[in-house]
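Reading through the structure tokens given below for one structure.
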């Protein structure tokens, strides 16, 4: 499926993915039918856009979006102003609502306290969720506010010295919490736990547990587009109906979490092959165009994600096709 967009060539100052000239009010028409193309990973920052699309009638898994004019950053600023008329054809009200949803829950931050490793804040844990960890005092230690630097906080038992040891014992706890349905959707995929991107890894944590410990997680998202008759058309993926998160919703063509031990560029190449059948000879031309970050607090979950965004121009006759049963995410 393809939609007419302008190509973003620089980082945008708002949580705005690389679909720059987007106009959600225009009509959709059927282009082609692709029914078995699940696309994976985080819904939030990318789906601010795709959910706005999804709110319009779509008859098939493929849609073709056509825009008659360019939509610039000045238009984005204009439509966000209080005096903006909602009758304007370039209304992005729905888009900005999604941005608010992505950053919901800030008023609940006081219910979370820091997760500390080696005197570094690596995440945040809800005080009630932490109560389930206290019985695992050989792994987790809860410290009350004693006027110190961090106040009340959660930390790992000081007996756990190495990253491998921490990964193993924390993984055993996560497995138990998963069996108690306190951490749903265990995926057996590890994310590195660091204080900042690129810093030394303290240990690796099950992906499904990341938001319950408030660690910062990273991913790659890619727009794939083609040029026809002087216009740009965007391929849009549709998530599998059997996925545990946001089933059946629209998504970027290629997206995936950034696990331990793989660079962003290599990860996007891997995801291109798995999710869209894009060979390395094409995917290695994907261009980094910026990053999107957001914070989402919902219940015990403190989701802090950073998405590294890419654009890739595809051959006009190329048709993305999911490989095998790759519906993870």
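In the working numbering, the protein residues as written are 32 to 360. Where a beta carbon is used, it is the ideal one built from N, C-alpha and C, also for glycine. All figures in this text were calculated on a predicted structure; none of them were measured in a lab.
Query: Residues bridged to residue 145 [DSSP beta-bridge criterion]; Result: 155
Query: Selected residue, minimal CA-CA separation from residue 241, among 272, 174, 310 and 326; Result: 326
Query: Exposure label - residue 162; buried when at least 16 CB within 10 Å; Result: exposed
Query: Cβ contact (3+ pairs, closer than 8 Å) linking the stretch 138 to 153 and the stretch 218 to 231; Result: yes
Query: CA-to-CA distance, residue 168 to residue 219, given in whole angstroms; Result: 23 Å
Query: Nearest to residue 192 (by Cα), restricted to the options 170, 127 and 176; Result: 170
Query: Check whether residue 245 and residue 173 have beta carbons under 7 Å apart; Result: no
Query: The alpha helix (DSSP H) enclosing residue 321, as first and last residue numbers; Result: Run containing residue 321: none in the alpha helix (DSSP H); it sits in the beta strand (DSSP E), 318 to 329.
Query: Anticipated Cβ contact below 8 Å, residue 300 with residue 315, distance rounded; Result: 6 Å
Query: Residue 301 (DSSP reduced to helix, strand or coil); Result: helix
Query: Exposed unless 16 or more other CB atoms sit within 10 angstroms - verdict on residue 190; Result: exposed
Query: Among 229, 272, 309 and 266, the one whose alpha carbon lies nearest that of residue 254; Result: 266
Query: C-alpha gap between residue 280 and residue 274, whole angstroms; Result: 10 Å
Query: Residue 352 versus 329, 318, 203 and 308, residue with shortest Cα-Cα distance; Result: 308
Query: Within-7 Å CB hit, residue 197 to chain C; Result: The structure shown has no chain C; it contains just one protein chain.
Query: Distance, residue 277 Cα to residue 270 Cα; Result: 7 Å
Query: Continuous beta strand (DSSP E) stretch holding residue 286: start and end; Result: 285 to 288
Query: 6 Å Cβ shell around residue 345 - same chain, five flanking residues per side excluded; Result: 255 and 257
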